[in-house]
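What follows is a single structure, written as C-alpha coordinates, with notes after it.
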Amino acid sequence: YTQDDVAAGAIYDLGVYVAMRNPKSLRDVRGQTVIHKFLKQQYPNFQPGKILDMGCTVGANTLPYVDAYPNAEVYGIDLAPAILRYSHARAESLGKRVHFSQQNAEKTNFPDESFDLVVSHILLHEIPVPAIRNVFRESYRLLAPGGIMIHQDARLFRHLDLYTAFIYDEETTNNNEPFWSAMRDLDLVAVAREAGFSRDSLINTLLEQSNGMQSFIIVGSK
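This is the structure in C-alpha coordinates:
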(Lines of atoms letter the chains of each structure in order from A; the text may use other names.)
(Lines give C-alpha, C1' and ligand atoms only; values in the text may rest on other atoms or scores of the structure.)
Protein backbone atom coordinates (compact mmCIF):
# COMPACT_ATOMS: atom_id res chain seq x y z
CA TYR A 1 0.00 0.00 0.00
CA THR A 2 1.07 3.57 -0.63
CA GLN A 3 0.25 6.78 1.19
CA ASP A 4 -2.31 7.73 -1.46
CA ASP A 5 -3.86 4.28 -1.83
CA VAL A 6 -7.62 3.83 -1.98
CA ALA A 7 -7.46 0.08 -1.41
CA ALA A 8 -8.55 0.33 2.23
CA GLY A 9 -11.80 1.97 1.19
CA ALA A 10 -12.45 -0.53 -1.58
CA ILE A 11 -11.71 -3.49 0.70
CA TYR A 12 -13.98 -2.09 3.40
CA ASP A 13 -16.80 -1.48 0.93
CA LEU A 14 -16.50 -4.92 -0.65
CA GLY A 15 -16.10 -6.60 2.73
CA VAL A 16 -19.38 -5.21 4.00
CA TYR A 17 -21.13 -6.32 0.81
CA VAL A 18 -19.85 -9.85 1.42
CA ALA A 19 -20.73 -9.80 5.12
CA MET A 20 -24.26 -8.53 4.50
CA ARG A 21 -24.75 -10.85 1.49
CA ASN A 22 -26.42 -8.14 -0.55
CA PRO A 23 -24.20 -7.13 -3.47
CA LYS A 24 -26.91 -5.02 -5.12
CA SER A 25 -27.43 -2.74 -2.11
CA LEU A 26 -25.93 0.73 -1.68
CA ARG A 27 -25.73 -0.09 2.05
CA ASP A 28 -27.44 3.16 2.94
CA VAL A 29 -30.20 1.64 5.07
CA ARG A 30 -29.09 3.43 8.24
CA GLY A 31 -29.08 6.86 6.66
CA GLN A 32 -32.36 6.17 4.88
CA THR A 33 -33.91 4.98 8.14
CA VAL A 34 -32.86 8.06 10.11
CA ILE A 35 -34.22 10.31 7.38
CA HIS A 36 -37.49 8.60 6.49
CA LYS A 37 -38.40 6.83 9.73
CA PHE A 38 -37.53 9.77 11.98
CA LEU A 39 -36.57 13.14 10.51
CA LYS A 40 -39.26 13.33 7.82
CA GLN A 41 -41.89 12.15 10.28
CA GLN A 42 -40.93 14.09 13.40
CA TYR A 43 -39.61 17.23 11.69
CA PRO A 44 -41.45 17.42 8.33
CA ASN A 45 -40.63 21.11 7.86
CA PHE A 46 -36.97 20.81 8.84
CA GLN A 47 -34.71 22.04 6.03
CA PRO A 48 -31.07 22.01 7.16
CA GLY A 49 -28.62 24.20 5.30
CA LYS A 50 -25.50 22.30 6.40
CA ILE A 51 -25.25 18.65 7.44
CA LEU A 52 -22.31 16.83 9.02
CA ASP A 53 -21.86 13.04 9.10
CA MET A 54 -19.28 12.04 11.72
CA GLY A 55 -17.25 8.88 11.15
CA CYS A 56 -18.63 8.57 7.63
CA THR A 57 -16.28 5.80 6.38
CA VAL A 58 -17.04 5.30 2.66
CA GLY A 59 -20.05 7.63 2.80
CA ALA A 60 -22.73 4.98 2.26
CA ASN A 61 -25.03 6.53 4.88
CA THR A 62 -23.95 10.08 4.05
CA LEU A 63 -25.31 10.12 0.52
CA PRO A 64 -29.02 9.76 1.37
CA TYR A 65 -28.90 13.23 2.95
CA VAL A 66 -27.89 14.69 -0.42
CA ASP A 67 -31.12 13.43 -1.96
CA ALA A 68 -33.34 14.12 1.06
CA TYR A 69 -32.13 17.72 1.44
CA PRO A 70 -31.01 18.85 -2.04
CA ASN A 71 -30.42 22.45 -0.97
CA ALA A 72 -28.08 21.49 1.88
CA GLU A 73 -24.30 21.34 1.91
CA VAL A 74 -23.35 17.86 3.11
CA TYR A 75 -20.05 17.13 4.86
CA GLY A 76 -18.48 13.84 5.89
CA ILE A 77 -15.50 13.38 8.19
CA ASP A 78 -13.39 10.38 9.12
CA LEU A 79 -9.89 9.68 10.42
CA ALA A 80 -8.80 7.37 7.59
CA PRO A 81 -7.38 9.15 4.50
CA ALA A 82 -7.60 6.12 2.19
CA ILE A 83 -11.23 5.64 3.18
CA LEU A 84 -11.97 9.28 2.40
CA ARG A 85 -10.30 9.14 -1.01
CA TYR A 86 -12.49 6.18 -1.84
CA SER A 87 -15.62 7.83 -0.40
CA HIS A 88 -15.04 10.90 -2.57
CA ALA A 89 -14.63 8.78 -5.71
CA ARG A 90 -17.68 6.71 -4.77
CA ALA A 91 -19.86 9.79 -4.23
CA GLU A 92 -18.70 11.37 -7.49
CA SER A 93 -19.43 8.17 -9.41
CA LEU A 94 -22.98 8.23 -8.03
CA GLY A 95 -23.43 11.90 -8.87
CA LYS A 96 -23.57 13.07 -5.24
CA ARG A 97 -21.71 16.13 -4.00
CA VAL A 98 -20.26 15.76 -0.50
CA HIS A 99 -17.40 17.65 1.15
CA PHE A 100 -15.17 14.98 2.70
CA SER A 101 -12.28 15.82 5.04
CA GLN A 102 -9.94 13.98 7.39
CA GLN A 103 -10.92 15.04 10.90
CA ASN A 104 -11.40 13.67 14.39
CA ALA A 105 -15.07 13.88 15.39
CA GLU A 106 -13.97 14.62 18.96
CA LYS A 107 -12.49 17.96 17.90
CA THR A 108 -13.11 19.30 14.41
CA ASN A 109 -11.90 22.51 12.80
CA PHE A 110 -15.39 23.75 11.97
CA PRO A 111 -16.56 27.00 13.62
CA ASP A 112 -19.10 27.04 16.45
CA GLU A 113 -22.75 26.70 15.41
CA SER A 114 -21.89 25.86 11.80
CA PHE A 115 -24.30 22.94 11.18
CA ASP A 116 -28.05 22.48 11.30
CA LEU A 117 -27.85 18.68 11.46
CA VAL A 118 -25.07 16.53 12.95
CA VAL A 119 -25.38 12.77 12.53
CA SER A 120 -23.42 9.55 12.87
CA HIS A 121 -24.21 5.98 11.90
CA ILE A 122 -22.64 3.11 13.91
CA LEU A 123 -19.76 5.34 15.05
CA LEU A 124 -20.32 5.21 18.80
CA HIS A 125 -19.61 1.51 19.30
CA GLU A 126 -16.27 1.93 17.51
CA ILE A 127 -14.82 4.40 20.02
CA PRO A 128 -14.11 4.37 23.79
CA VAL A 129 -16.41 6.05 26.29
CA PRO A 130 -14.25 9.19 26.75
CA ALA A 131 -14.35 9.68 22.98
CA ILE A 132 -18.14 9.26 22.95
CA ARG A 133 -18.42 12.04 25.51
CA ASN A 134 -16.19 14.26 23.38
CA VAL A 135 -18.25 13.52 20.26
CA PHE A 136 -21.43 14.62 22.04
CA ARG A 137 -19.76 17.80 23.28
CA GLU A 138 -18.49 18.53 19.78
CA SER A 139 -21.94 17.86 18.33
CA TYR A 140 -23.42 20.44 20.69
CA ARG A 141 -20.72 22.98 19.86
CA LEU A 142 -21.23 22.57 16.13
CA LEU A 143 -25.03 22.87 16.15
CA ALA A 144 -26.63 26.16 15.24
CA PRO A 145 -29.65 27.25 17.30
CA GLY A 146 -32.55 25.02 16.30
CA GLY A 147 -30.15 22.37 15.03
CA ILE A 148 -30.55 18.64 15.59
CA MET A 149 -28.07 15.93 16.62
CA ILE A 150 -28.79 12.27 15.79
CA HIS A 151 -26.41 9.44 16.63
CA GLN A 152 -27.55 6.03 15.37
CA ASP A 153 -26.06 2.73 16.50
CA ALA A 154 -26.78 -0.84 17.49
CA ARG A 155 -29.36 -1.57 20.16
CA LEU A 156 -28.27 -1.15 23.77
CA PHE A 157 -28.21 -4.00 26.28
CA ARG A 158 -31.49 -2.81 27.82
CA HIS A 159 -33.19 -3.46 24.47
CA LEU A 160 -32.05 -7.10 24.30
CA ASP A 161 -33.10 -10.38 25.84
CA LEU A 162 -30.42 -12.12 27.92
CA TYR A 163 -29.41 -14.62 25.25
CA THR A 164 -28.99 -11.97 22.55
CA ALA A 165 -27.09 -9.73 24.97
CA PHE A 166 -24.72 -12.62 25.75
CA ILE A 167 -24.09 -13.33 22.07
CA TYR A 168 -23.49 -9.66 21.30
CA ASP A 169 -21.26 -9.23 24.33
CA GLU A 170 -19.03 -11.99 22.99
CA GLU A 171 -18.25 -9.74 20.03
CA THR A 172 -16.24 -7.54 22.38
CA THR A 173 -13.64 -10.20 23.11
CA ASN A 174 -13.90 -12.52 20.12
CA ASN A 175 -14.71 -10.36 17.11
CA ASN A 176 -12.49 -7.30 17.40
CA GLU A 177 -15.18 -5.02 18.89
CA PRO A 178 -13.36 -3.77 22.01
CA PHE A 179 -15.74 -0.85 22.72
CA TRP A 180 -19.03 -2.58 21.89
CA SER A 181 -20.10 -3.61 25.39
CA ALA A 182 -19.09 -0.33 27.03
CA MET A 183 -21.23 1.63 24.57
CA ARG A 184 -24.21 -0.69 25.07
CA ASP A 185 -24.05 -0.14 28.84
CA LEU A 186 -23.70 3.64 28.60
CA ASP A 187 -26.48 6.06 29.58
CA LEU A 188 -26.39 8.15 26.42
CA VAL A 189 -29.10 10.51 27.67
CA ALA A 190 -26.85 11.41 30.60
CA VAL A 191 -23.92 11.85 28.21
CA ALA A 192 -26.00 14.19 26.04
CA ARG A 193 -27.07 16.24 29.06
CA GLU A 194 -23.45 16.56 30.17
CA ALA A 195 -22.66 17.86 26.68
CA GLY A 196 -25.19 20.67 27.06
CA PHE A 197 -28.47 19.32 25.68
CA SER A 198 -31.57 19.94 27.77
CA ARG A 199 -33.51 16.93 29.02
CA ASP A 200 -36.66 18.09 27.24
CA SER A 201 -34.86 18.16 23.89
CA LEU A 202 -33.68 14.54 24.07
CA ILE A 203 -35.26 11.53 22.40
CA ASN A 204 -33.94 7.98 22.54
CA THR A 205 -35.81 5.32 20.64
CA LEU A 206 -35.57 2.31 18.35
CA LEU A 207 -36.17 2.50 14.61
CA GLU A 208 -37.22 -0.36 12.34
CA GLN A 209 -34.95 -0.64 9.32
CA SER A 210 -36.06 -1.90 5.90
CA ASN A 211 -33.70 -4.88 6.25
CA GLY A 212 -35.67 -6.17 9.24
CA MET A 213 -33.15 -5.04 11.84
CA GLN A 214 -33.59 -2.42 14.54
CA SER A 215 -31.27 0.46 15.36
CA PHE A 216 -31.09 2.83 18.30
CA ILE A 217 -30.98 6.60 18.00
CA ILE A 218 -30.23 9.33 20.51
CA VAL A 219 -31.53 12.72 19.39
CA GLY A 220 -30.93 16.17 20.83
CA SER A 221 -31.88 19.64 19.65
CA LYS A 222 -30.29 22.96 20.52
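Counting in our numbering, the sequence shown runs from 1 upward without gaps. For each residue, glycine too, the CB sits at the ideal point set by N, CA and C.
Specify, as a first and last residue, the run of the beta strand (DSSP E) that V219 falls within.
-> 214 to 221
With respect to the beta strand (DSSP E) encompassing G146, which residues constitute its N-terminal and C-terminal limits?
-> 143 to 153
Ordered along the chain, which non-local residues of its own chain (more than five positions away) have a Cβ less than 8 Å from that of K107?
-> Only N134, E138 meet the Cβ criterion.
Could you tell me the boundaries of the alpha helix (DSSP H) in which Y69 lies?
-> Segment: none, Y69 is in no alpha helix (DSSP H) and carries neither H nor E.
Measure the alpha-carbon distance for L52 versus T164 and round it to whole angstroms.
-> 33 Å
For R97, which option in A82, Y65, S114, D5 has the closest C-alpha, if you only look at C-alpha atoms?
-> Y65
Extent of the continuous beta strand (DSSP E) run through L206 | 203 to 208
On the DSSP bridge assignment, give the partners of H121 in chain order.
-> For H121, DSSP records a beta bridge to Q152.
How is I51 classed by DSSP in three states: helix, strand or coil?
-> strand
Under the rule that 16 or more other beta-carbon atoms within 10 Å means buried, what is H125, buried or exposed?
-> Classification for H125: buried.
How big is the Cα-Cα spacing for H121 and A89?
-> 20 Å
For C56 versus D28, is the C-beta distance shorter than 8 Å?
-> no
Among residues of its own chain, excluding the 5 on either side of F136, which ones have a beta-carbon nearer than 7 Å to its beta-carbon?
-> V191, A192, A195
From what residue to what residue does the alpha helix (DSSP H) around N194 run?
-> The displayed chain sequence assigns Glu, not Asn, to residue 194. That run of the alpha helix (DSSP H) goes 188 to 195.
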